[in-house]
Amino acid sequence: MELTEKLEKLMEYPICDHCLGRQFGQLLHGYTNKERGKILRAVAAMILDTGEKELKMYNFPDFKFHHQELSQNTEKSDTQEKCSVCDDIFDNLSIWIDKIKKIDLEYKTFLIGTKLSFDLIRKEENTWDRVGIDWCEPLKAEINREVGKLVEKTTGKKFELKNPDINFILDMKNNKLEVIINPLFIYGEYQKLKRGIPQTKWPENRDGIKLYKTSVEEIIAKPIMKFTKGKGHKFHGLGREDIDARCFGWRPFVLEILEPKKRLINLKNVKIPKSVHVRNMRFSDTNEVTRIKEKRSEKTYEAEVILDKPIEKKDLEKLKLLIGEIYQRTPNRVLHRRGDLKRKRKLISLKTIFINSKKFRFIVRGEAGLYIKELINGDNGRTRPSVSEILNRKAICKNLDVVGIHV
């Protein structure tokens, strides 16, 4: 359909400048749809004034024509008809701005979405059926943009497409504003200084009892929740240490606060209990959560190893044979929650400190995913080689510490 033919068909029913211009929204840069509509209406008025075409006069209330008959018809039309596409919705956007301004939440960035009523959807689709969809822009897109500009102007907040603090949904069917509060992400690095603390919140059993009263997640989240007044939290760590292990290496994490009412907090005022140390806290985003989850970092561990039979100090030299590839099946202790797979991991370096004939310290640097306790005890042959296999002794890991996380 040619442009002029499309224009003439659009003018068969009452139509506002926004909706007229929007049907040609993909033509020309640097114009709003309303500006396009004004230009197109003027072109249509000129066509009408030539006498070549007959168009509905209710679309030209503000025009003065050379033809006397047209001018008289314009004067008779005292009121402009309501737009047949949008019901003059663009004249009433201030209603939504007032609703948004009343929201008592802290935010810097926002995104606008729209749920059209069935009536508006039907009217827009009827228009497309008559004139086609070439060059057009959807009604929702223009509403979102125009409301976004007004919110920026009246509140000073910034429109953000990718990671907004808040989503405002204009529900035009129910005349209701929906507010979606997006999570607040906080990056940091922690040390766990006590044993017996899991990294993430431990679930309650059937009797409503938690095996572990607290966790690294809860210790860090509790003071932050007081500042943000969030509804909940999630913890995303770069790996995790065993519950009975301490972590002296600084482990990166991102804490996700769900539906925070306050976002503009000073992280320097957050005080974490002494069982966990935290440093380098700053605001973050979902992209960093993904990076942390995907990153596989080498780690250095220090273990206290106990043997069932005595050895001599020189026997520890044999353990250098462990450096290189280690083959591990999923440990028996985690088989209940993980698949029984065979993995190949690399032991990068090793150091031993002789304490007595049945005890030594075992310091190793390994690839991500290397099970250290099983590297020591052999896990009944599921890890090979192992300390137990090389020393021909039953070896157990009495204490384990993560002393370095090499990001």
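If you're matching positions, the sequence shown starts at 5 in the working numbering and goes up one per residue. Where a beta carbon is used, it is the ideal one built from N, C-alpha and C, also for glycine.
In the displayed model, Trp139 falls within coil according to three-state DSSP, outside both helix and strand.
Listed in chain order, the non-local C-beta contacts of Lys38 below 7 Å within the same chain comprise Asp21, His22, Gly25, local neighbours out to five positions each way being set aside. One alpha carbon belongs to Leu311, the other to Val368, and they sit about 18 Å apart. Taking 8 Å as the cut-off, the beta carbon of Val258 is found no closer than this to the beta carbon of Ile223. In this structure, Thr118 sits near Met176, with a CB-CB distance shorter than 8 Å. Taking the Cα of Gly55 as reference, the smallest distance to any Cα among Ile43, His70, Arg45 is reached at His70. Judged by their CB atoms, Leu351 and Leu326 are nearer to each other than the 8 Å cut-off. Restricting attention to alpha helix (DSSP H) runs no shorter than 4 residues, the stretch 99-163 encloses them at 122-135, 143-159, ordered along the chain.
Taking C-beta atoms as the reference points, Ala249 and Val406 count as a pair closer than 8 Å.
Assigned with DSSP and collapsed to three states, Ser392 falls in helix. Counting only the Cα atoms, Ile147 lies some 8 Å from Phe94.
The DSSP assignment places 220-232 as complete runs of the alpha helix (DSSP H) inside the stretch 176-232, in order along the chain (cut-off: 4 residues). In the three-state reduction of the DSSP assignment, Ala249 falls in the coil class.
Taking the Cα positions, Val282 is about 11 Å away from Leu271. Counting only residues of its own chain and dropping the five nearest sequence neighbours on each side, Asp108 has no CB closer than 7 Å to any other CB.
Inclusion of Glu260 and Pro187 in the CB contact set at 8 Å is warranted, their separation being smaller than that value. Under the three-state reduction of DSSP output, Gly385 falls in the coil class, being neither helix nor strand. Nearest Cα to Phe28 within the set Phe114, Ile137, Lys127, Cys90: Ile137. DSSP, reduced to helix, strand and coil, places Ile51 within a helical segment of the structure shown. Here Thr334 carries a coil assignment [DSSP, helix/strand/coil]. Looking only at Lys144, Leu32, Pro65, the smallest Cα-Cα distance to Ala48 is reached by Pro65.
Put simply, the stretch 229-246 touches the stretch 282-302. At least three CB pairs are less than 8 Å apart.
For Gly408, the secondary structure class from DSSP, reduced to helix, strand or coil, is strand.
Residue state for Glu263 is assigned as coil, using DSSP reduced to three classes. Put simply, of Ile357, Val293, Asp289, Pro168 the residue whose alpha carbon is nearest the alpha carbon of Asp319 is Ile357. Take the alpha-carbon of Arg388 and the one of Arg333: they are about 9 Å apart.
In the structure shown, the three-state DSSP call for Glu298 is helix. Between Cys87 and Ile19, the gap from beta carbon to beta carbon is short of 8 Å. The beta carbons of Met15 and Lys60 sit closer together than 8 Å. Straight through space, the alpha carbons of Glu263 and Ile228 are spaced by roughly 13 Å. Annotated as proximal: Ile201 and Ile247, with beta-carbon spacing under 8 Å.
When secondary structure is reduced to three states using DSSP, Cys23 falls in the helix class. Residue pairing for His281: DSSP places it in a beta bridge opposite Gln195. The continuous alpha helix (DSSP H) containing Lys13 extends over residues 7-14. In the DSSP assignment, Arg45 is bridged to no other residue.
For the pair Lys348 and Glu308, the CB atoms are not nearer than the 8 Å cut-off.
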